[in-house]
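Notes follow once the structure below has been shown.
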Amino acid sequence: MSLIVEALLMSMGMIVLFFLAFLVLFILALTLAPIERGLSNYIWLHTTPPPPKIPIPTGSFRDFSKKH
């Protein structure tokens, strides 16, 4: 094989390997995206403060009628 053909084959091989590595990382990111989304939701749900509790009304209808 001549030197030019060998250099072309090597450069084409490196370009193909580069794109294959990119494809593998892209597929890995696609497969891990739902897991990351679930973990993110879990963290956000547990770091937000709970909503304030609504006070239970005390008294009776007689107290209401006295005030109004």
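Counting from 1, position 64 in the sequence shown corresponds to residue 118 in the numbering used here; the numbering is continuous, with no gaps. Every residue, glycine too, gets a C-beta built ideally from N, C-alpha and C.
With respect to the alpha helix (DSSP H) encompassing residue i, which residues constitute its N-terminal and C-terminal limits?
i   : result
M55 : Neither: M55 is in no alpha helix (DSSP H) and is coded neither H nor E.
For residue i, which of helix, strand or coil comes out of DSSP?
i   : result
P88 : helix
I97 : helix
I69 : helix
I81 : helix
Out of curiosity, what's the CA-to-CA distance linking residue i and residue j?
i    : j    : result
L86  : P104 : 29 Å
I69  : L79  : 16 Å
E60  : I81  : 31 Å
H100 : K107 : 17 Å
M66  : L77  : 16 Å
N95  : F73  : 33 Å
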